[in-house]
Each structure stands twice: as C-alpha cells, then as structure tokens.
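Start counting the sequence shown at 11; every next residue gets the next number (this note's numbering).
Below: the structure, in structure tokens.
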Amino acid sequence: MATSILVFDSGLGGLTVFREVVKARPDARYVYVGDDAFFPYSGRGEAELVARVSALMGELIETHRPDLIVIACNTASTLVLPHLRTRFGVPFVGTVPAIKPACAGSRTKRVAVLGTEATVAREYTRALIRDFANGSDVKLVGSARLAGFAEAELNGAPVVDDLIAQEIAPCFVDAAGRRTDTVVLACTHYPLLLERLERLAPWPVTFVDPAPAIARRVADLSGPKAGDAPRSPARIVFTSKRSPSAALAAALARFGIGG
Ligand code: DGL
C-alpha cells in the first residue's frame with residue numbers, strides 16, 4: 011500500500027510545496043486540501059485559527075487516513091503546529107520562514123522576510139530571528155495583498171506589475187553601503203509569483219523558497235519508497251466545495267492535479 015500524504019494550505023499556495031514533495035516521493039498517494047472557505051488565514055485571530063485548523067484536521071484525518079500531513083502554510087504552521095502535534099498521532103511537517111539558511115547565505119548581511127502580516131507578527135518568527143540572524147540585519151515585511159494576488163494569478167486574473175512592485179518594495183534596503191541580497195519567501199503563495207518577483211525586484215536578490223527542504227524532510231519521515239509503482243493522480247479538495255474554473259483547472263493540471 012502506497013504512503014498517503016495530505017498537503018494542506020489555506021488556498022493554492024501549498025501547491026509550491028506539493029510539487030517539491032511529489033518530486034521527492036513520486037510513489038505516494040496525495041490529497042491536497044485548500045481551506046479556501048476560511049482564506050486568508052492572515053486575517054484571522056489566533057484563537058480562531060487554532061480552533062478552525064484543529065477541528066478541520068480532525069475531520070480530514072478521519073476521512074483521508076493520511077500517513078503524514080504537510081502543513082504547507084507559514085501562517086498556520088507558526089501558530090497551530092504544537093496544537094496539532096499534541097492532539098493527533100499523525101506526523102506533521104510544517105512550513106516556517108527559512109531565516110536560518112537565508113542569514114547564513116547572505117553576503118551583505120541584509121535580509122528581508124516577506125510573509126503575511128500574521129506570520130511576520132508571530133512570536134515564532136521573532137524567535138527565529140533572535141536565534142539565527144547570525145549578524146544579519148533582518149527586516150520583516152508583512153504583505154496584506156500578495157497571497158491574494160497569487161490566488162488571482164492561478165485563477166487566470168493576474169494583477170498588474172505595479173501592485174506587486176508596491177508590495178515587495180519595502181524588502182529592498184540600500185543603506186550604510188549594504189544592500190539587501192536575500193529575501194525569504196515566508197508564505198507558500200509567493201513562489202507562485204516568482205518570475206514576476208524576480209523581474210520586478212529593483213536589483214537582483216536571492217529569493218529563498220523553503221519547499222525543497224520541506225520535501226527532503228517529508229522523504230526522511232515517510233519511510234522507504236514503494237518501488238517504481240505508478241502513483242494515482244492527486245486529488246484536490248476545497249472546503250468551499252467550489253469546482254475549479256477552466257483557468258484554475260488548467261493551472262492545477264500543470265501541478266499534476268485533476269483529470
Ligand atoms: N499560504 C499561506 C502562508 O504560507 C498564507 C495565506 C493566507 O493568509 O491564508 O502563509
């Protein structure tokens with residue numbers, strides 16, 4: 011029986027993690043769950059989000075019986091993971107801002123962390139900076155709109171360049187002879203916009219996407235591969251129960267979902 015992996019996000023951002031996990035474990039069975047009925051998580055209070063994700067996870071475990079769950083969302087992981095691990099026996103792999111590798115790799119020692127407003131406000135994120143800044147100046151940049159822009163892009167309604175440029179502008183600091191050279195993508199939605207972020211950046215930087223590291227962690231935790239067994243196509247579940255538009259269905263097909 012193939013390993014069964016459930017990948018979870020508030021919307022479509024977790025697809026950027028999903029595609030890396032699939033590369034690492036092509037033999038597994040997958041279900042992708044987007045809690046779009048509650049999107050965006052960043053706009054939710056902490057108690058409300060803990061209650062929502064804990065209750066929903068109970069239902070999802072009951073329905074899908076996964077061997078492993080990937081919380082492919084920084085806004086949820088930086089808050090809800092300890093609650094999930096206490097309550098459920100299934101192993102969870104979370105997604106948290108890649109501050110340690112970003113600061114270790116920065117040459118100018120100027121790093122920005124671009125996340126949702128909730129993620130950059132979390133104590134968890136602040137603690138990562140205290141522990142791993144490694145002498146870097148780290149600027150936290152909370153974006154209210156970028157995750158929604160990424161959703162729009164995948165739904166076939168891309169936003170104009172200027173709006174994206176405005177959201178990322180505060181990441182770029184040029185002071186005391188040192189420019190930002192590394193931007194942590196601390197929301198799983200943002201790599202969906204990577205080509206545009208690279209094009210709209212005022213100067214070239216390294217955008218750090220944690221998805222490959224998360225995929226390696228999943229591979230380590232999910233036991234031996236089941237040979238070269240062909241995997242069944244991944245299923246997607248939206249909590250809103252919406253059916254994907256034609257544009258979204260085409261985008262999902264590029265991620266190997268649907269059919
Ligand atoms: N994909 C989510 C993350 O990684 C955030 C989007 C939201 O606010 O729901 O933080």
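Think of the CB as a built atom: it goes at the ideal place given N, C-alpha and C, for glycine as much as any other residue.
Predicted, not measured: the structure shown is a model, and the values here were computed from it.
The stretch 166–173 / the stretch 72–87 touching (three or more Cβ pairs under 8 Å): The stretch 166–173 vs the stretch 72–87: no contact.
Residue range of the alpha helix (DSSP H) that includes S60: Looking at the sequence provided, one finds Val at residue 60 rather than Ser. Where V60 is concerned, the enclosing alpha helix (DSSP H) stretches over 56–74.
heavy atom of the ligand DGL below 8 Å from A18 C-beta: The residue you asked about is not Ala; residue 18 is Phe in the sequence shown. Incorrect: F18 has no Cβ contact closer than 8 Å to the ligand DGL.
Delimiting residues of the alpha helix (DSSP H) encompassing K149: Annotation: K149 is outside any alpha helix (DSSP H); the continuous beta strand (DSSP E) that includes it extends over 147–153.
Residues that DSSP places opposite F248 in a beta bridge: Per DSSP, G44.
Check whether A157 and C197 have beta carbons under 9 Å apart: Going by C-beta atoms, A157 is nearer than 9 Å to C197.
Residues near R75 by beta carbon distance below 8 Å, same chain, minus five either side: For R75, the CB contacts under 8 Å within the same chain, skipping 5 residues up- and downstream, are S14 in chain order.
The stretch 15–26 in contact with the stretch 38–45 per 3-pair CB rule at 8 Å: With a cut-off of 8 Å, the stretch 38–45 and the stretch 15–26 count as touching, because enough Cβ pairs lie within range.
Nearest-angstrom Cβ-Cβ length linking A223 and A108, presumed shorter than 8 Å: Right, the Cβ-Cβ distance comes to about 7 Å (below 8 Å), so this counts as a contact.
Segment limits, alpha helix (DSSP H) that includes I109: Secondary structure note for I109: its alpha helix (DSSP H) is the uninterrupted segment 109–115.
L124 - containing beta strand (DSSP E), residue span: Counting along the chain, the beta strand (DSSP E) containing L124 begins and ends at 120–126.
Reduced DSSP category for A221 - H, G, I as helix; E, B as strand; rest coil: In the structure shown, A221 falls within a helical segment according to DSSP collapsed to helix, strand and coil.
Counterpart residues of F102 in DSSP-defined beta bridges: Paired residues: I79.
Nearest candidate by alpha-carbon position, reference S255, set T135, R117, L164: Per the Cα distances, L164.
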